[in-house]
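Structure first, commentary second.
Residue numbers (our numbering): -9 to 184.
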């Protein structure tokens, strides 16, 4: 939309189905870039994050796997599937990405939030990725709701040295968590699985 009065349906960027599409806020090497998670029938057996590039935001290609799920013993909270959350933003270390990770437990899926730092000029290269989660379901509104046990990052807004991360909680309400960008970057670097 251009005026929030008229809306236009855009074509799907990818076929087959794809989830968790997140555009980078600026072109990279002259091309638009998008993170996503390929899927089958609109939901889940694939669990990895891919990057794709486009000269015009209409035709997409150069699809590359960026991040894979982790083996259970290495980082259990992200062993079933992962997906991009908020739009990445540039830091001194590279693109900071908040993403969700999922583990399938005896009580169903549990969604938590982690962070990764991608190379500034080549974002298909992951420099750091959190082994522990940054945020996991703990509050009642994260544990109980339409889909229990969910913390799902949706947006990250910078405010000077701070970042406000808006996240879906139990697929019922929206939560907001604040952090300091420098501390999150340092935590990600110091607790990286790479």
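Beta carbons are placed, not taken as given, at the ideal position from N, Cα and C, and that holds for glycine.
Quantities reported herein were computed from a predicted structural model and do not represent experimental measurements.
**Report entry** Beta-carbon spacing of residue 41, residue 113 below 8 Å
**Finding:** yes
**Report entry** Closest by C-alpha distance to residue 95, when choosing among 47, 62, 73 and 119
**Finding:** 62
Query - residue 36 to residue 60 span [Cα, whole Å] - result: 13 Å
Requested in this report: Identify, in the order they occur along the chain, each residue of the same chain with its Cβ nearer than 8 Å to the Cβ of residue 163, setting aside the five sequence neighbours on each side.
Outcome: 131 and 135
Report task. Run through the segment 52 to 112 for me and flag every whole beta strand (DSSP E) of 3 or more residues, listed as ranges in chain order. Result -> Fully enclosed beta strand (DSSP E) runs of 3 or longer: 71 to 74, 79 to 81, 84 to 95 and 98 to 108.
Requested in this report: Could you give the DSSP three-state label for residue 120: helix, strand or coil?
Outcome: Note: residue 120 maps to strand in three-state DSSP.
**Report entry** CA nearest to the CA of residue 146, picked from 49, 106 and 78
**Finding:** 78
Query raised in the report: When the Cα atoms are used, what is the spatial distance from residue 24 to residue 16?
Result: 10 Å
Query - Beta-carbon proximity of residue 157 to residue 142, cut-off 8 Å - result: yes
Requested in this report: Look up residue 142 in the DSSP assignment and give the residues it is bridged to.
Outcome: 158
Requested in this report: Within the same chain, show all residues whose beta-carbon is closer than 8 Å to that of residue 8, passing over the 5 residues directly before and after it, in chain order.
Outcome: 2, 26, 27, 28 and 29
**Report entry** residue 125 versus residue 138: straight-line alpha-carbon distance, rounded
**Finding:** 15 Å
**Report entry** Buried versus exposed call for residue 86 [16 or more other C-beta atoms within 10 Å across all chains shown]
**Finding:** Residue burial is scored here from C-beta neighbours: residue 86 has at least 16 other C-beta atoms within 10 angstroms and is therefore classed as buried.
Requested in this report: May I ask you to report which of helix, strand or coil DSSP gives residue 8?
Outcome: strand
Report task. Going by CA-CA distance only, name the one from 148, 97, 154 and 174 that's closest to residue 122. Result -> 174
Query raised in the report: Quick one, are the C-beta atoms of residue 88 and residue 73 less than 8 Å apart?
Result: no
Query raised in the report: Whole-angstrom Cβ separation of residue 92 and residue 120, contact assumed at under 8 Å?
Result: No, residue 92 and residue 120 are not in contact; Cβ-Cβ is about 15 Å, not under 8 Å.
Report task. Using 10 angstroms around the beta-carbon of residue 105, count the other beta-carbons present and answer buried if the total reaches 16, otherwise exposed. Result -> buried
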